[in-house]
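Visitor:
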Amino acid sequence: MIQLHDKYFKPFVSATQIDRALTLLAHNMAKDLGDEIPVIVGVLNGAFMVVSDFVKKYPKPCEVTFVKLASYQGMQSTNNVAQLIGLNQDLTGRTVIVLEDIIDTGNTLVHIHEVFKNESVKALKIATLFFKPDAYKQDFKLHYVGIEIPNKFIVGFGLDYNGLGRNLPEVYQIKETEHMTNLVLFGPPGAGKGTQANFLKEKYNLVHISTGDVFRYNIKNETALGTLAKSFIDKGALVPDQVTIDMLNAEVEKNADANGFIFDGFPRTNAQAESLDKLMVSKNSQINAMIALEVEDEILVERLLERGKTSGRADDADESIIRNRVKEYYDKTAILKDYYANQNKYFGVNGVGSIEDITVRLSAVIDAL
Ligand code: IMP
Ligand code: MG
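Under the working numbering, read the sequence shown as residues 1 to 369, first letter to last.
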């Protein structure tokens with residue numbers, strides 16, 4: 001997964017596949033042209049890599065030149081006549097192969113045909129590495145097509161998104177994020193968040209981001225952010241929100257092809273909730289829901305004491321410590337309930353019952369989003 005400006009792209013066509021397509025294209029063309037020496041005309045900027053690799057594979061002599069298209073706003077009523085910048089060669093009687101990186105709507109081809117109409121060429125043939133049949137709106141025959149692709153935006157191997165991506169040796173396809181489902185999972189200690197998160201991530205193909213796990217991972221692997229976080233922890237200070245957000249950002253970017261995320265253990269404050277919102281907006285996405293597992297205190301105490309018998313966690317063994325943890329949860333998080341409720345994103349779910357029943361209740365909320 002790569003990021004260019006604000007968009008994400010996933011690997012789509014490998015360098016090897018491109019190489020094979022260009023080899024085939026070159027050999028088919030050479031076979032058709034026999035001993036004729038073609039003039040290969042690359043259309044800049046996008047076609048520079050295609051042309052460079054293609055002519056190396058062309059097994060016979062050929063000439064190479066480049067042009068750039070400029071839409072020329074004519075003075076006459078026949079406006080929008082295209083202009084080729086750089087065509088300074090007499091092409092009379094020659095076989096010209098216009099070599100494109102990609103043919104999309106085919107509008108560029110209209111201009112190209114218009115210009116070459118006046119050049120008295122012997123033959124004009126169109127070749128392209130990529131072709132989007134579903135986007136193509138013209139009738140011009142395409143003589144040589146390397147790879148047909150769906151009507152989705154691609155970058156790499158000469159193709160750019162706002163100037164970036166041309167230098168990539170392989171091709172990437174836009175990653176659409178509109179359908180992401182991002183949840184904040186909430187619940188007091190003992191509510192069964194971990195258990196339910198495991199079911200939900202399987203069912204909806206979500207990535208579970210537990211802040212605790214992310215911290216432990218970064219510290220253990222001594223990442224730059226982990227080392228930074230540890231320096232605060234070692235001093236007994238709270239890790240600044242920005243450091244946590246940067247770690248979450250890294251997790252989100254690592255999993256940019258996920259259907260969405262389950263955030264667990266974060267946010268804990270209004271400021272963190274705002275930072276998380278900003279993070280998701282920067283990914284063209286959003287938090288869709290805060291789902292809180294609701295369990296009565298008495299049941300939580302019972303569950304945690306039960307867990308304490310086997311977990312060995314000291315804070316699961318003592319009833320008054322447990323009651324304090326539960327109380328602290330409600331003291332600290334009540335405000336977050338309001339934060340999400342104000343955006344109509346708060347969903348309380350009854351967390352008492354069998355694991356399956358609770359999964360069903362959670363799924364009902366998610367399916368309705
Ligand atoms: P046309 O729509 O066939 O005229 O293509 C016009 C130009 O749009 C191409 O030469 C490319 O520069 C650009 N283009 C079309 N589709 C893509 C794409 O998926 N990625 C990057 N550039 C594209
Ligand atoms: Mg182009």
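Quick reminder that beta carbons are idealized off the backbone N, C-alpha and C, glycines included.
What are the start and end residues of each continuous alpha helix (DSSP H) run of 4 or more residues lying completely inside the segment 198-233, in chain order?
Guide: Counting whole runs of 4 or more residues, the segment 198-233 contains the alpha helix (DSSP H) stretches 211-220.
Visitor: Do you know whose CA, among LEU225, ASN28, ILE366, lies nearest PHE199's CA?
Guide: Along the sequence shown, read from residue 1 onward, the residue named residue 199 stands at position 199. Residue ILE366 is the option with its Cα nearest to PHE199.
Visitor: Distance, Cα to Cα, LYS235 vs ASP316?
Guide: Your numbering for residue 235 matches position 235 in the sequence shown. Your numbering for residue 316 matches position 316 in the sequence shown. C-alpha separation (whole angstroms): 26 Å.
Visitor: For the segment 202-218 against the segment 262-276, do three or more pairs of beta-carbon atoms, one drawn from each stretch, fall closer than 8 Å, so that the two count as touching?
Guide: In short, these stretches touch, since the Cβ pair count reaches three.
Visitor: Could you tell me which residues DSSP pairs with PHE263 in its beta bridges?
Guide: Here residue 263 refers to the residue found at position 263 of the sequence shown. DSSP lists VAL184, ILE209 as partners of PHE263.
Visitor: Can you give me the start and stop residues for the alpha helix (DSSP H) that TYR330 sits inside?
Guide: Indexing the sequence shown from 1 puts residue 330 at position 330. Unbroken alpha helix (DSSP H) run through TYR330: 319-342.
Visitor: Rounded to whole angstroms, what is the Cα-Cα separation between TYR339 and ILE322?
Guide: Your numbering for residue 339 matches position 339 in the sequence shown. Your numbering for residue 322 matches position 322 in the sequence shown. Each residue's alpha carbon lies about 26 Å from the other.
Visitor: If you draw a straight line from the C-alpha of GLY74 to the C-alpha of ILE85, how long is it?
Guide: Walking along the sequence shown from the start, residue 74 turns up at place 74. Walking along the sequence shown from the start, residue 85 turns up at place 85. Note that GLY74 scores a pLDDT of 40, beneath 50, so its modelled location is shaky and nothing firm can be said.
Visitor: Under the criterion of a Cβ to heavy atom distance below 7 Å, does ILE103 qualify as lining the ligand IMP?
Guide: Translated into positions along the sequence shown, residue 103 becomes position 103. True, at least one ligand heavy atom lies under 7 Å from that Cβ.
Visitor: Quick one: does the C-beta of VAL41 sit closer than 7 Å to a heavy atom of the ligand COA?
Guide: With respect to the ligand COA, the structure shown offers nothing to examine, as its ligands consist of the ligand IMP and the ligand MG.
Visitor: Could you check whether the Cβ of ASP160 sits closer than 7 Å to any heavy atom belonging to the ligand IMP?
Guide: Within the sequence shown, residue 160 is the residue found at index 160, counting from 1. True, at least one ligand heavy atom lies under 7 Å from that Cβ.
Visitor: Quick one: measure Cβ to Cβ for PHE181 and ASN259, integer angstroms, because I've assumed they're closer than 8 Å.
Guide: In the sequence shown, residue 181 corresponds to position 181, counting from 1. In the sequence shown, residue 259 corresponds to position 259, counting from 1. The amino acid occupying residue 181 in the given sequence is Thr; Phe does not appear at that position. THR181 to ASN259, Cβ: 6 Å. Contact.
Visitor: What I want to know is whether the C-beta of ILE335 ends up closer than 7 Å to one or more non-hydrogen atoms of the ligand IMP.
Guide: For the purposes of this step, residue 335 is taken as the residue at position 335 of the sequence shown. No, the beta carbon of ILE335 sits no closer than 7 Å to any heavy atom of the ligand IMP.
Visitor: Please classify VAL101 as buried or exposed, where buried requires at least 16 neighbouring CB atoms within 10 angstroms.
Guide: Residue mapping note: residue 101 aligns to position 101 of the sequence shown, counting from 1. A small fix is needed here, since residue 101 is Asp in this sequence, not Val. Looking at its Cβ environment, which holds 16 or more other Cβ atoms inside 10 Å, ASP101 is buried.
Visitor: On the DSSP bridge list, what partners appear for TYR58?
Guide: Translated into the one-based positions of the sequence shown, residue 58 becomes position 58. Paired residues: none, contrary to the question.
Visitor: Between LYS31, GLU294, ALA30, which lies nearest to GLY192 when the distance is taken from Cα to Cα?
Guide: Locating residue 192 in the sequence shown gives position 192, where the first residue counts as 1. The candidate whose alpha carbon is nearest that of GLY192 is GLU294.
Visitor: Flag this pair as yes or no: are the beta carbons of ILE40 and LEU185 separated by less than 8 Å?
Guide: In the sequence shown, the residue the question calls residue 40 occupies position 40. In the sequence shown, the residue the question calls residue 185 occupies position 185. Going by C-beta atoms, ILE40 is not nearer than 8 Å to LEU185.
Visitor: Can you look up ASP101 in the DSSP assignment and give me helix, strand or coil?
Guide: To locate residue 101, count along the sequence shown from 1; it is residue 101. In the structure shown, ASP101 sits in a strand (DSSP, three-state: E or B).
Visitor: Pick out whichever of GLU253, VAL252, THR269, ILE209 has its Cα sitting closest to the Cα of LEU238.
Guide: Residue numbering aside, residue 238 sits at position 238 when the sequence shown is read from its first letter. If we check each option's Cα against that of LEU238, THR269 comes out closest.
Visitor: Please return the same chain residues whose Cβ sits closer than 6 Å to the Cβ of THR95, not counting the five positions on each side in sequence.
Guide: What you label residue 95 is simply residue 95 of the sequence shown in a count that begins at 1. Closer than 6 Å at the Cβ level, and outside the excluded window around THR95, lie GLU36, PRO38, LYS122, ALA123.
Visitor: Do you know whose CA, among GLY194, ASP246, PHE157, lies nearest ASP19's CA?
Guide: The residue you call residue 19 lines up with position 19 of the sequence shown. ASP19 has its Cα closest to that of PHE157, out of GLY194, ASP246, PHE157.
Visitor: Buried or exposed: LEU369, going by 16 or more other Cβ atoms within 10 Å of its Cβ?
Guide: Position 369 of the sequence shown holds residue 369. The residue is exposed, with fewer than 16 neighbouring Cβ atoms inside 10 Å.
Visitor: Do the CB positions of THR108 and ALA135 come within less than 8 Å of each other?
Guide: As a position in the sequence shown, residue 108 is number 108, starting the count at 1. As a position in the sequence shown, residue 135 is number 135, starting the count at 1. No.
Visitor: Is it true that the CB of LEU91 sits closer than 8 Å to the CB of VAL50?
Guide: The count along the sequence shown starts at 1 and reaches residue 50 at position 50. The count along the sequence shown starts at 1 and reaches residue 91 at position 91. For VAL50 and LEU91, no; Cβs fall outside 8 Å.
Visitor: Could you check if ILE154 belongs to the surroundings of the ligand IMP, using beta carbon to heavy atom distance under 7 Å?
Guide: Translated into the one-based positions of the sequence shown, residue 154 becomes position 154. Checking every heavy atom of the ligand IMP against the Cβ of ILE154, one is found closer than 7 Å.
Visitor: Do you know how far the Cα of THR195 is from the Cα of GLU202?
Guide: Locating residue 202 in the sequence shown gives position 202, where the first residue counts as 1. Locating residue 195 in the sequence shown gives position 195, where the first residue counts as 1. If you take the alpha carbons of GLU202 and THR195, they lie about 11 Å apart.
Visitor: Is any heavy atom in the ligand IMP found nearer than 7 Å to the beta carbon of GLY265?
Guide: The count along the sequence shown starts at 1 and reaches residue 265 at position 265. GLY265: no, Cβ never under 7 Å from the ligand IMP.
Visitor: What did DSSP end up calling PHE140 once you bin it into helix, strand or coil?
Guide: For this step, residue 140 is matched to residue 140 along the sequence shown. Here PHE140 sits in coil by DSSP.
Visitor: Beta-carbon within less than 7 Å of ILE299's beta-carbon, same chain only, minus the 5 sequence neighbours each way: which residues are those?
Guide: On the sequence shown, residue 299 is found 299 positions in, with the first residue counted as 1. Answer for ILE299: VAL352, listed in chain order.
Visitor: Which residue marks the beginning of the alpha helix (DSSP H) containing GLY34, and which one marks its end?
Guide: By one-based count along the sequence shown, residue 34 stands at place 34. Careful: GLY34 lies outside any alpha helix (DSSP H) and carries neither H nor E.
Visitor: With distances taken between CB atoms, is the gap from HIS5 to LEU159 smaller than 8 Å?
Guide: For the purposes of this step, residue 5 is taken as the residue at position 5 of the sequence shown. For the purposes of this step, residue 159 is taken as the residue at position 159 of the sequence shown. In this structure, LEU159 does not lie closer than 8 Å to HIS5 by Cβ.
Visitor: Answer with buried or exposed for ALA197, where buried requires no fewer than 16 other C-beta atoms within 10 angstroms of its C-beta.
Guide: As a working note, residue 197 is residue 197 in the sequence shown. Buried, because 16 or more other Cβ atoms sit within 10 Å of the Cβ of ALA197.
Visitor: Which stretch, first to last residue, makes up the alpha helix (DSSP H) that contains MET247?
Guide: Translated into positions along the sequence shown, residue 247 becomes position 247. Per DSSP, MET247 belongs to the alpha helix (DSSP H) from 241-254.
Visitor: According to DSSP, which residues form a beta bridge with LYS68?
Guide: Reading the sequence shown from its first residue, position 68 is the one you call residue 68. LEU44, ILE85.
Visitor: Specify the secondary structure class of ILE149 as computed by DSSP and reduced to three states.
Guide: Here residue 149 corresponds to residue number 149 of the sequence shown, with the count starting at 1. If DSSP states are grouped into helix, strand and coil, ILE149 belongs with coil.
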